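Presented below is the structure to which this report refers.
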Amino acid sequence: MIEENVKNLLGSIPNTNPYGEKVTLVAAVKLQRAEDINRAVAVGITDIGDNHVQEFKDKFVDIVGAPKRHFIGHLQTNKIKYLLGKVDLYHSVDRMNLAEELSKRSAAAGVTSNILIQINIGNEETKGGFSPELAENAYGTISKLPNLNVRGLMAMLPDTDDTDLLKKLAARMRTIYDKLRARNNNIKYLSMGMSGDYELCIEQGSNMIRLGTAIFGARKYNN
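Reading the sequence shown from the start, the letters are residues 225 to 447 in my numbering.
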């Protein structure tokens, strides 16, 4: 099933979004076994994203094929030390103290960490991230921190069937992204879209999507 799902996705996801940008598929591997992740990598997955530090640590040496490693979940500052130098892109820099601590620890370790700034595009109380209104200010402050390389933005759309609302929010994220990219051509990634809404997100300008269920099936939380 995994192999078939990956092949179908790679065959159906457009190579580029409406802006002509390459669309990168990140496989969200929360609760997946290393052997199943390796099966996905073997048939074309080039990027994988972890949600939990402990899972990342436990499975790190068991992943083969050298996929790019993303951290896409909520990150506690005291867990940064386990990821330094091993993560290619942090998606969820959702608050200033996390950015500052990641900068501090990256400098101490002699590495530069590539990050995305998380935006709470729906202003939802249950989700982290900077408000859309503060996105540019957050970028201005974080981009000055040493040993951090801001590569773009990440967002999670609300869980709703209101397609018009989702399109509006996704389009607003693209507008924010374009404003920041105009200030810095190092800005490259708009990470937005999961298994339930990735097609809409690509249509609105996302160039990086995070899919778990669409690849591995429903998660088994009792594993």
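For each residue, glycine too, the CB sits at the ideal point set by N, CA and C. Source: prediction; values computed, not measured.
Asked	Found
Contact set for residue 403: own chain, Cβ-Cβ below 8 Å, skip 5 residues either direction	360
Segment contact flag, the stretch 383–397 with the stretch 313–322, C-beta cutoff 8 Å, min 3 pairs	no
Distance between residue 326 and residue 304 (C-alpha atoms, nearest Å)	7 Å
Same chain only: Cβ atoms within 6 Å of residue 330, ignoring 5 sequence neighbours per side	337, 371
Alpha helix (DSSP H) segments (min. 4 residues) lying fully within the stretch 358–383	359–366
For residue 388, three-class secondary structure by DSSP	helix
Buried versus exposed call for residue 428 [16 or more other C-beta atoms within 10 Å across all chains shown]	buried
Proximity below 9 Å, CB of residue 266 to CB of residue 235	no
Check whether residue 431 and residue 259 have beta carbons under 9 Å apart	no
Residue nearest to residue 277 in terms of C-alpha spacing, selected from 262, 409, 293, 270	293
Boundaries (first-last residue) of the beta strand (DSSP E) holding residue 252	248–252
At least 3 beta-carbon pairs within less than 8 Å: the stretch 226–233 vs the stretch 410–419	no
Residue 273 (DSSP reduced to helix, strand or coil)	strand
For residue 234, three-class secondary structure by DSSP	helix
Reference residue 302; option with closest CA among 328, 313, 286	328
Cβ pair residue 435, residue 417 closer than 9 Å	yes
CB of residue 318 within 9 Å of CB of residue 347, strictly	no
Residue span of the beta strand (DSSP E) that contains residue 319, given as start and end	Neither: residue 319 is in no beta strand (DSSP E) and is coded neither H nor E.
Which of helix, strand or coil DSSP assigns to residue 310	coil
According to DSSP, residues forming a beta bridge with residue 292	271
Alpha-carbon to alpha-carbon, residue 441 and residue 447	Only weak support is given to the placement of residue 447: the predicted model assigns it a pLDDT of 47, under 50, and the question is left unresolved by the model.
Inter-residue spacing [alpha-carbon to alpha-carbon] between residue 257 and residue 279	10 Å
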